[in-house]
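Below you'll find the structure, written out as structure tokens, and then a few comments.
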Amino acid sequence: MRVASVVRSLRLPLLAAGLALGLLAGCSAQSRMDFYSKDIACEELGQHWTMPDSAGTLRGPKDLQGQVTYLFFGFTSCPDVCPTTMVELSQVKHLMGKDADQLQVVFVSVDPARDTPEVAHTYVHAFDPKAMALVGDEAQLSAMASDFKAFYEKEPGQLPDTYTMSHIAGGYVFDRQGRLRLFAPYGMPVEQLFSDVQRLLLEPEHPAAGSEALAACKLPHSASIATR
């Protein structure tokens, strides 16, 4: 996995300090802050799914309450996008310092035929010991992907009887109330993702938090957020 090239740890502490000061200043200056990620609060996605985790416990939207959550679809033999995403999320947590546990990473396998619960668990924990892996059967995966309007597809490999997976690249970001608020495109700078996570954490921790982002929702559902 080519992940070493994305590590920029030497300048992370300085970035964390500067971004944190900027966020606090912006919080007092305006009640509604813009995000670097795509605002999808009006899309009504990710509200009606269930999927077992690597321990067999059935999970759903209510399990995402209490922390900011970054959920993404991928597979453990992904050569680039998935390991890079996990490394960048580790960098975001590094920037968060003592608040790192306030970001929950959730990996949803689009390759349940090869990604057994044990394999998925080992994979995500190699990057983040507190990350959650969700692995269901084909029917559960199809239903969950549909709820998120997330694209995935099996593609023939270069050798006979082999295949790879094409899938949506990027992550769905939930606030502490378990509401889907943002779509973070793959490749966005770590500093920007950190900023968006911090903005969500700065919202008051009560049911009305972030309600202004949902009050004017009149947009129709999109056909798909992104494909790879």
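Numbering (the UniProt record's numbering), first residue to last: 1 to 228.
Just so you know, even glycine gets a beta-carbon here, dropped at the ideal spot from N, CA and C.
The structure displayed is predicted, hence computed values, not measured ones.
| Asked | Found |
| --- | --- |
| Where glutamate 155 falls, given that 16 or more other Cβ within 10 Å makes a residue buried | exposed |
| Sequence ranges, alpha helix (DSSP H) only - wholly within the segment 136-170, length at least 4 | 138-148 |
| Alpha-carbon spacing of serine 195 relative to valine 92, whole angstroms | 9 angstroms |
| Check whether valine 124 and alanine 113 have beta carbons under 7 angstroms apart | no |
| Exposure of glycine 46, with buried meaning 16 or more beta-carbon neighbours within 10 Å | buried |
| Between the CA atoms of aspartate 175 and aspartate 147 - distance to the nearest angstrom | 18 angstroms |
| Opening and closing residue of the beta strand (DSSP E) in which phenylalanine 107 lies | 103-109 |
| Bridge partner(s) assigned by DSSP for phenylalanine 73 | Val108 |
| Span separating the alpha-carbon of proline 129 from that of aspartate 34 | 31 angstroms |
| Threonine 227 versus phenylalanine 151: straight-line alpha-carbon distance, rounded | With a pLDDT of only 43 at threonine 227, under the threshold of 50, the placement of this residue in the model should not be trusted, and no figure is reported. |
| Per-residue burial, threonine 122 [other beta carbons within 10 Å of its own, 16 or more giving buried] | exposed |
| Three-state class that DSSP yields for alanine 113 in the structure shown | coil |
| Residues sharing a beta bridge with leucine 61, DSSP | For clarity, residue 61 is proline in the given sequence; the question names leucine instead. Proline 61 is not bridged to any residue. |
| Contact check, valine 81 vs alanine 169, beta carbons under 7 angstroms | yes |
| Exposure label - serine 166; buried when at least 16 CB within 10 Å | exposed |
| Rounded Cβ spacing between valine 68 and valine 197 (contact assumed at less than 8 angstroms) | 5 angstroms |
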